[in-house]
Amino acid sequence: SNIFLDDLSFQIYNKQMYLDKLEYENLKRDLRSAVKKEEFKLYYQPKININENQNKISGVEALIRWNHPTLGLVSPQKFIKIAEESFLIREIGDWVIEEAFKQLSSWQNKYDRDLGISVNLSPLELCDKNKAARIKKLSQKYQIRRELIEFEITENALLDNRSDTIKILKELKNLDFSIALDDFGIGYSSFSYLSRLPIDTLKIDKSFIGKLSDSKNMILIDSLIELSHKMNLKVIAEGIESSEQLKTMKKLKCDEIQGYYFYKPLPVDQFEKIIEKNYY
Ligand code: C2E
Ligand code: MG
Ligand code: MG
Ligand code: MG
203 SNIFLDDLSF
213 QIYNKQMYLD
223 KLEYENLKRD
233 LRSAVKKEEF
243 KLYYQPKINI
253 NENQNKISGV
263 EALIRWNHPT
273 LGLVSPQKFI
283 KIAEESFLIR
293 EIGDWVIEEA
303 FKQLSSWQNK
313 YDRDLGISVN
323 LSPLELCDKN
333 KAARIKKLSQ
343 KYQIRRELIE
353 FEITENALLD
363 NRSDTIKILK
373 ELKNLDFSIA
383 LDDFGIGYSS
393 FSYLSRLPID
403 TLKIDKSFIG
413 KLSDSKNMIL
423 IDSLIELSHK
433 MNLKVIAEGI
443 ESSEQLKTMK
453 KLKCDEIQGY
463 YFYKPLPVDQ
473 FEKIIEKNYY
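For the sequence shown, the UniProt record's numbering assigns the number 203 to the initial residue and increments by one for each residue that follows.
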């Protein structure tokens, strides 16, 4: 009977693998045409400045959404990895940047107040020597104020210590763009390494926010924020879901927060309604 069970679980296992592979191949095929068919959209999640008395929207993070013709919304968690493995991320990444610049240019004309946009960059995009030049050209095309754009990179982008990557980041900084280190704390960066990176902002990963009630974790975040401020880094926390977490981050002097407690990522028209209704 053992043999029978092994055989059965083997078949089930293989079937799942087959389905996973099929889904993967289908998504890869469909991704290829998704840019041309305009199936992507950017959503915008507000970032809130909690430094001052009143909480104020300082800008947004642009988050890509794929509206697949038959599958509906596909999460970036799923398709960004496929896009990277198939190198389609270069085309998709360029689309994201152009779309964000277009949006910023529209907000610059529409609103008196400054709204910043953060754009996620995949590690692969930072291996492309012409990236900074293309970004510069696009920024001129849309006449955007570059200091309002921040690029978010993850530690993976820096892991193999590619000189190209650091070079591109420095080029972007020289152009007045800002750089944020995203998902900080789940990778391997040491504090001493941090001081050598051309970054402006540290984004504390949401997995730490979920553990704020753990006092050791709290001490860690407290020290991290203090250290970052001494290094002239702005600190933003992602994944704030409760008023309790907001209170704690205020107490710890975190500069900005992002999370479902205030807003989920929103389609542009919904975000604009919020901006137009509220003067904060
Ligand atoms: P990320 O850059 O760390 O973005 C934050 C993610 O956390 C987003 O997921 C956001 O919707 C989610 N989030 C925000 N607030 C909360 C909260 O309070 N609780 C919880 N549980 N989650 C929250 P999303 O939009 O699914 O994106 C996932 C990841 O996909 C992003 O993580 C980023 O790594 C990648 N991604 C998204 N858009 C792009 C893009 O345009 N280009 C690239 N290269 N990657 C992207
Ligand atoms: Mg991000
Ligand atoms: Mg993040
Ligand atoms: Mg993340």
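We put the beta carbon where it would ideally sit given N, CA and C, even for glycine.
Can you name the start and end residues of the alpha helix (DSSP H) that residue i belongs to?
i           : result
residue 367 : 365-376
residue 256 : Taken as a continuous stretch (DSSP letters only), residue 256 belongs to no alpha helix (DSSP H), as it is neither H nor E.
residue 296 : 291-312
residue 360 : 358-361
residue 470 : 470-479
residue 325 : Note, residue 325: premise wrong, no alpha helix (DSSP H); not H, not E.
residue 337 : 333-343
residue 446 : 445-453
Taking the alpha-carbon positions, what's the residue i to residue j distance?
i           : j           : result
residue 259 : residue 474 : 12 angstroms
residue 469 : residue 235 : 22 angstroms
residue 354 : residue 223 : 30 angstroms
residue 367 : residue 335 : 14 angstroms
residue 178 : residue 245 : Outside the displayed range of the chain (203 to 482) lies residue 178, so it cannot be described from this structure.
residue 308 : residue 237 : 22 angstroms
residue 280 : residue 218 : 17 angstroms
residue 385 : residue 324 : 13 angstroms
residue 489 : residue 392 : Within the shown structure, residues of the chain are numbered from 203 to 482, placing residue 489 beyond reach of any answer.
residue 282 : residue 350 : 25 angstroms
residue 436 : residue 404 : 6 angstroms
residue 195 : residue 462 : Nothing about residue 195 can be read from this structure; the chain reaches only from 203 to 482.
residue 276 : residue 369 : 33 angstroms
residue 383 : residue 274 : 31 angstroms
residue 329 : residue 372 : 13 angstroms
residue 445 : residue 457 : 16 angstroms
residue 478 : residue 311 : 14 angstroms
residue 304 : residue 290 : 21 angstroms
residue 507 : residue 399 : Given a span of 203 to 482 for the chain in the structure shown, any question on residue 507 remains unanswerable.
residue 424 : residue 380 : 24 angstroms
residue 406 : residue 216 : 39 angstroms
For the candidate residues the options, whose alpha-carbon lies nearest to that of residue i?
i           : options            : result
residue 306 : 275, 385, 346      : 346
residue 360 : 395, 450, 315      : 395
residue 467 : 319, 270, 283      : 319
residue 356 : 373, 326, 379      : 326
residue 451 : 257, 299, 227      : 257
residue 453 : 377, 420, 462      : 420
residue 266 : 242, 437, 376, 399 : 242
residue 239 : 271, 264, 249, 412 : 271
residue 348 : 331, 294, 376      : 376
residue 397 : 413, 380, 365, 432 : 432
residue 317 : 250, 227, 284      : 250
residue 460 : 440, 278, 476, 261 : 440
residue 288 : 430, 338, 227, 389 : 227
residue 301 : 465, 337, 449, 472 : 337
residue 321 : 296, 331, 343, 339 : 296
At least one CB of chain C closer than 9 angstroms to the CB of residue i: is that the case?
i           : result
residue 425 : No chain C is part of this structure, which consists of one protein chain only.
Please report the residue range of the beta strand (DSSP E) in which residue i lies.
i           : result
residue 438 : 436-440
residue 320 : 318-322
residue 250 : 242-251
residue 459 : 458-460
residue 275 : 274-276
residue 354 : 351-355
Which full runs of the alpha helix (DSSP H) of 4+ residues lie inside the stretch 378-434, going along the chain? 393-396, 408-411, 417-432, all fully within the stretch 378-434.
Going along the chain, which residues put their C-beta within less than 5 angstroms of some heavy atom in ligand 2? My final list is 322, 354, 384.
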